[in-house]
Each structure stands twice: as C-alpha cells, then as structure tokens.
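Have a look at the structure below, then the notes.
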Ligand SMILES: [Zn+2]
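In the working numbering, the protein residues as written are 1212 to 1491.
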C-alpha cells in the first residue's frame, strides 16, 4: 500500500517537473535608471551577487552587490557598449554618443595651468594624496535612492555642461567633468542626496576647497571652489541639507560651484541624476 502511494506521488512530481512553468522565474539581475554616457543605473540582483561588469567580451571585471542585492553601475563620458551579467543572465546597454561642448578659458595665471614652482608642486602632490583617500570611500549605506536635487536651490546660471572639452590659456586639457553653476558668493550649497562626507578640505591647490559626499558604493558627489564648507569629515548629511557656500577659491574665474560625480573611477554627469525615473 505504502509502496504504491509513493509511486503515485513520484509520478505526480515527474509530471510537475516536466510541465512548462506557468510563471517565468524573476530575472536574476534587473537594472533601471539613466543608461546614458555619464549616467548611472541601479541593478537589483541576489544578495552579495558577484556581478560581471563589462565594456566588451574581453574587457570586464566583477563587483559585488550589497547584502540587499543592490549594485550601482556608472557609465563614463565616452563609453558605448556595456553589459552586466549574473547567473547566465545578461543586461546589455548600447549607449549613444553624446555631443560635448568645447570650453575655452583664457587669462588664467600660468601657475594655475602649466607652470608650477617646486613649492606649488609640493602642495599639488600633497593635495592629490589626500584626494585619493577621500575617493577611496566605499560607504555601505545607500544614500542615493530616487535621484538628486540641484545643489543650489536659489537662482544660478549654468556656465558649463558635463564633459566639455577644456582649453585653458590655449592649452587643451582633460574634459571638464563638472557642471558649473554660477551664483553669488555665500549662496548656500546643499547635498544632492543623503550620504557621508568622505572629505572636507579647504586647502586644495586647484580646487581651492573640496567636499566629497559618498552616497554608497563609491558613488561620490564632489564640490569645488567653495567659500566655506560647513560640514566635517565622517558626517552624515541629508538630501537638501546645507553643506557649504559658493565661492571662487582655487582655479576659478568667479563665484560658482563646480558640481561633479564619480562612481569608482568613472566620471558621471550629476545633472542627469536630477531626472531619475520614478519607480511607478
Ligand atoms: Zn567646473
């Protein structure tokens, strides 16, 4: 009796196993956000999943999702084809090329462009070393949730877009990775999203003053040229909380905020994240 019962049960299971699944299983990785050059996506996958991030079949590396299965992925200024892959599932991104401006600034003092004294070189090197520490921050807590707000909530004039090709005193330089917002000296500057201050330094050679806010997993907002920084290293900040005031310190030709964003070693366009798609 018992034997027959088991056989019937086994047959029932065999039937179930061979039948087409009524519901397809949820994807093992799913990403949403701003899949554009300079953009960011948020991928949801399994907790601590080791996800392949690739710029080509032979150009890839791995990053771990956090304990909730969340992983940020950013796209640099000139990236085109990308994919992320986990458990045999691939999400591909074909990023169209964006048009970038050319931005020329003349009349900068030469010791801000290409001629440095020994003393200045010493300061530049020391500042670079401190910056490296700030950018190595990898906060576990996710502060970036549903997009950025503009760091200046008062009136401002946008003078440079992300990615502009820079020519300083006639010398071609690296692209300008920031969005420049001109506003009067002393205008409050706020955090674009929640995060933790990973650097607050008012003695930088080029930047003058530099503030870094880690929004999680090394998604780091940074602000340059401020008059005053009013938060400290290690401090938690909330979206909209004042962190600094507009100034013109360092290599700057007038009061403005240079607003930048990095994910790991990639330069993102912070302004794109103000258009973050809503969940619904
Ligand atoms: Zn700038």
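Cβ atoms here follow ideal geometry from the backbone N, Cα and C, with glycine treated the same way. Note that the structure is predicted; figures quoted are calculated from it, not measured.
For residue 1415, the residue or residues it bridges with in DSSP:
In the chain shown, residue 1415 corresponds to position 204, counting from 1. In DSSP, residue 1415 forms a bridge with 1419.
6 Å Cβ shell around residue 1323 - same chain, five flanking residues per side excluded
Within the chain shown, residue 1323 is the residue found at index 112, counting from 1. These residues qualify, in order along the chain: 1462.
Is residue 1455 near residue 1440, with beta carbons less than 8 Å apart?
Here residue 1455 is taken as the residue at index 244 of the chain shown, counted from 1. Here residue 1440 is taken as the residue at index 229 of the chain shown, counted from 1. It is a contact, given that the beta carbons lie within the stated cut-off.
Let me check one thing: in DSSP terms, what residues is residue 1410 bridge-paired to?
Numbered from 1 along the chain shown, position 199 holds the residue referred to as residue 1410. Within the DSSP bridge table, the entry for residue 1410 names 1423 as partners.
Among 1314, 1236, 1251, which residue has its Cα nearest to the Cα of residue 1486?
Here residue 1486 refers to the residue found at position 275 when the chain shown is read from its first residue. Checking every option, the nearest Cα to that of residue 1486 belongs to 1251.
Restricting to Cα atoms, I'd like to know which of 1476, 1408, 1465 is closest to residue 1448.
Mapped onto the chain shown, residue 1448 falls at position 237. Nearest C-alpha to residue 1448 among 1476, 1408, 1465: 1408.
For residue 1453, which beta-bridge partners are listed by DSSP?
Numbered from 1 along the chain shown, position 242 holds the residue referred to as residue 1453. 1401.
Same chain, Cβ closer than 6 Å to residue 1271, neighbours up to 5 away in sequence not counted
Locating residue 1271 in the chain shown gives position 60, counting from the first residue. Close CB contacts of residue 1271 within its chain, under the 6 Å cut and outside five residues either way in sequence, are with 1263, 1265 (chain order).
How should residue 1344 be labelled, buried or exposed, when 16 other C-beta atoms within 10 angstroms of its C-beta is the threshold for buried?
Here residue 1344 corresponds to residue number 133 of the chain shown, with the count starting at 1. With fewer than 16 neighbouring CB atoms inside 10 Å of its own CB, residue 1344 falls in the exposed class.
Determine the closest residue to residue 1436 out of 1414, 1383, 1257, 1308, with distance taken between C-alpha atoms.
Mapped onto the chain shown, residue 1436 falls at position 225. When each option's Cα is compared against that of residue 1436, the closest is 1414.
Expressed to the nearest angstrom, what Euclidean distance is found between the alpha-carbon atoms of residue 1318 and residue 1269?
For this step, residue 1318 is matched to residue 107 along the chain shown. For this step, residue 1269 is matched to residue 58 along the chain shown. Those two C-alpha atoms are separated by around 45 Å.
Which whole-angstrom value describes the C-beta separation of residue 1466 and residue 1396, a residue pair presumed to lie in contact below a C-beta threshold of 8 Å?
On the chain shown, residue 1466 is found 255 positions in, with the first residue counted as 1. On the chain shown, residue 1396 is found 185 positions in, with the first residue counted as 1. Confirmed, about 4 Å.
Can you list, in chain order, the residues of its chain whose CB lies under 6 Å from that of residue 1404, leaving out five sequence neighbours each side?
The count along the chain shown starts at 1 and reaches residue 1404 at position 193. Once the five neighbours on either side are set aside, the close Cβ partners of residue 1404 are 1354, 1355, 1359, 1426, 1450.
Check whether the Cβ atoms of residue 1452 and residue 1401 lie closer than 8 Å to each other.
Counting from 1 along the chain shown, the entry for residue 1452 is found at position 241. Counting from 1 along the chain shown, the entry for residue 1401 is found at position 190. Residue 1401 sits close to residue 1452, with the two beta carbons spaced by under 8 Å.
Enclosing beta strand (DSSP E) for residue 1300 [first to last residue]:
Working through the chain shown from its first residue, we reach residue 1300 at position 89. Unbroken beta strand (DSSP E) run through residue 1300: 1300 to 1305.
Do residue 1447 and ligand 1 come close, with the Cβ less than 7 Å from some heavy atom?
Reading the chain shown from its first residue, position 236 is the one you call residue 1447. Because no heavy atom of ligand 1 lies under 7 Å away, the Cβ of residue 1447 does not count as near it: no.
When you compare only the Cα positions, how much space is there between residue 1365 and residue 1236?
Within the chain shown, numbered from 1, the residue matching residue 1365 stands at position 154. Within the chain shown, numbered from 1, the residue matching residue 1236 stands at position 25. Their backbone Cα atoms lie some 48 Å apart in a straight line.
Short Cβ contact (8 Å threshold) for residue 1373 with residue 1480
Position 162 of the chain shown, counted from the start, is the residue given in the question as residue 1373. Position 269 of the chain shown, counted from the start, is the residue given in the question as residue 1480. It is a contact, given that the beta carbons lie within the stated cut-off.
Opposing strand residues paired with residue 1285 [DSSP bridges]:
By 1-based counting over the chain shown, the position of residue 1285 is 74. Paired residues: 1251.
Excluding the 5 residues preceding and the 5 following residue 1338 in the sequence, name in chain order all residues of the same chain whose CB lies nearer than 7 Å to its CB.
Here the question's residue 1338 lines up with position 127 in the chain shown. Excluding positions up to five away in sequence, the list reads 1415, 1416.
Can you name, in chain order, every residue of its own chain whose Cβ lies under 8 Å from the Cβ of residue 1385, other than the five neighbours on each side?
Translated into the one-based positions of the chain shown, residue 1385 becomes position 174. 1377, listed in sequence order.
How is residue 1345 classed by DSSP in three states: helix, strand or coil?
Residue mapping note: residue 1345 aligns to position 134 of the chain shown, counting from 1. DSSP places residue 1345 in helix when its eight states are reduced to three.
By the 10 Å Cβ neighbour count, where 16 or more other Cβ atoms means buried, how is residue 1273 classified, buried or exposed?
The residue labelled residue 1273 in the question sits at position 62 within the chain shown. It counts as exposed.
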